[in-house]
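Visitor:
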């Protein structure tokens with residue numbers, strides 16, 4: 021995040037990373053539920069002076085009984101000014117002398133809506149792809165171009181950038197290039213659905229490499245077929 025968030029928020033994120041690593045290591049151990057519950061209970065006792073909790077041994081045992089059904093890759097959401105894009109839903113305020121964060125919408129309704137959106141599109145949120153559009157057609161893309169429309173429909177992208185390479189297209193239509201080799205299937209599925217007539221192309225066959233931004237997908241835009249009043253087909 022920006023330098024204004026470099027202290028408290030950075031420390032909180034580092035603490036989360038440590039807790040996440042401890043959790044992953046603990047869950048990876050080959051132990052019975054009873055032994056695992058006993059181990060976790062000892063951990064709780066070690067930190068009891070620093071945490072406020074009413075959890076009991078039976079609670080830990082009950083929770084562990086559902087361990088096999090639990091997702092090993094849960095959704096992680098941090099409600100800070102980076103949530104949904106810097107200062108989109110949550111902002112910082114130091115006007116009173118104290119530094120704190122607050123929602124842009126005092127009713128919290130927009131934050132609730134975004135959390136609902138994340139829940140409904142969990143796999144897309146986990147993927148959070150970086151997308152680069154390379155326009156090799158003859159002109160700038162109009163606002164009603166399928167790619168422009170798709171940008172508005174695809175949530176949770178880490179970035180959606182555009183680059184113009186005019187008059188370099190040797191094909192008609194749109195090609196989707198997947199640099200993840202299938203590791204982001206939900207994003208690929210949505211791109212194909214939102215860009216009618218698009219085709220998936222191999223980056224090796226096209227001679228494409230990732231830019232310095234390390235995008236996950238490239239949307240390669242070629243020539244566009246249009247019908248003139250004289251009914252002759254032309255390309256743009």
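Numbering (the working numbering), first residue to last: 21 to 256.
We put the beta carbon where it would ideally sit given N, CA and C, even for glycine.
(1) First and last residue of the alpha helix (DSSP H) that includes residue 223?
(2) Is residue 97 helix, strand or coil when you go by DSSP?
(3) Within the chosen definition, does the stretch 199-219 reach the stretch 122-139 through at least 3 CB pairs nearer than 8 Å?
(4) In three-state terms, what does DSSP make of residue 159?
(5) Leaving out five residues on either side along the sequence, give the residues of the same chain with a beta carbon under 6 Å from the beta carbon of residue 60.
(6) Looking only at C-alpha atoms, which of 101, 40, 62 sits nearest to residue 95?
(7) Pairing CB atoms from the stretch 127-136 with CB atoms from the stretch 164-173, are three or more of them under 8 Å?
(8) Is it a yes or a no for the stretch 136-154 touching the stretch 171-182, going by three-plus beta-carbon pairs under 8 Å?
(9) Less than 8 Å between the CB atoms is what I'm expecting for residue 191 and residue 242, so what's the real figure, rounded?
(10) With a threshold of 8 Å, are at least 3 pairs of Cβ atoms found where one atom belongs to the stretch 227-244 and the other to the stretch 192-200?
(11) Does DSSP put residue 252 in a helix, in a strand, or in coil?
(12) In whole angstroms, what separates the C-alpha of residue 54 from that of residue 66?
(13) Helix, strand or coil for residue 137? Go by DSSP, reduced to three states.
(14) Nearest CA to the CA of residue 33: which residue from 195, 71, 102, 188?
(15) Relative to the C-alpha of residue 188, which candidate in 37, 155, 225, 224 has its C-alpha closest?
(16) Between residue 219 and residue 193, how many whole angstroms is the CB-CB distance? I'm expecting something under 8 Å.
(17) Any idea which residues DSSP pairs residue 243 with across the strands?
Guide: Taking the coordinates as given:
(1) The sequence position of residue 223 within the chain shown is 203, counting from 1. Unbroken alpha helix (DSSP H) run through residue 223: 223-226.
(2) Translated into positions along the chain shown, residue 97 becomes position 77. The answer is coil: DSSP assigns residue 97 none of H, G, I, E or B.
(3) no
(4) In the chain shown, counting from the first residue as 1, residue 159 sits at position 139. Reduced to three states, the DSSP call for residue 159 is coil.
(5) One-based indexing of the chain shown puts residue 60 at position 40. Correct list, in chain order: 80.
(6) Here residue 95 refers to the residue found at position 75 of the chain shown. Selected option, being the one with the closest Cα: 40.
(7) no
(8) yes
(9) To locate residue 191, count along the chain shown from 1; it is residue 171. To locate residue 242, count along the chain shown from 1; it is residue 222. Right, the Cβ-Cβ distance comes to about 4 Å (below 8 Å), so this counts as a contact.
(10) yes
(11) The residue labelled residue 252 in the question sits at position 232 within the chain shown. Its pLDDT being 42, under 50, residue 252 is placed unreliably in this model, and the value from its coordinates should be taken loosely. Looking at residue 252 - three-state DSSP - the assignment turns out to be coil, as it is neither helix nor strand.
(12) As a working note, residue 54 is residue 34 in the chain shown. As a working note, residue 66 is residue 46 in the chain shown. So the alpha carbons of these two residues sit roughly 19 Å apart.
(13) Looking up residue 137 in the chain shown gives position 117. If DSSP states are grouped into helix, strand and coil, residue 137 belongs with the helices.
(14) Taking the chain shown and counting its residues from 1, one reaches residue 33 at position 13. The shortest C-alpha separation from residue 33 is found at 102.
(15) For the purposes of this step, residue 188 is identified with residue 168 of the chain shown, where counting begins at 1. Among 37, 155, 225, 224, the Cα nearest to that of residue 188 belongs to 155.
(16) Looking up residue 219 in the chain shown gives position 199. Looking up residue 193 in the chain shown gives position 173. Residue 219 to residue 193, Cβ: 7 Å. Contact.
(17) Numbered from its first residue, the chain shown carries residue 243 at position 223. For residue 243, which the question treats as bridged, DSSP gives the partners 192.
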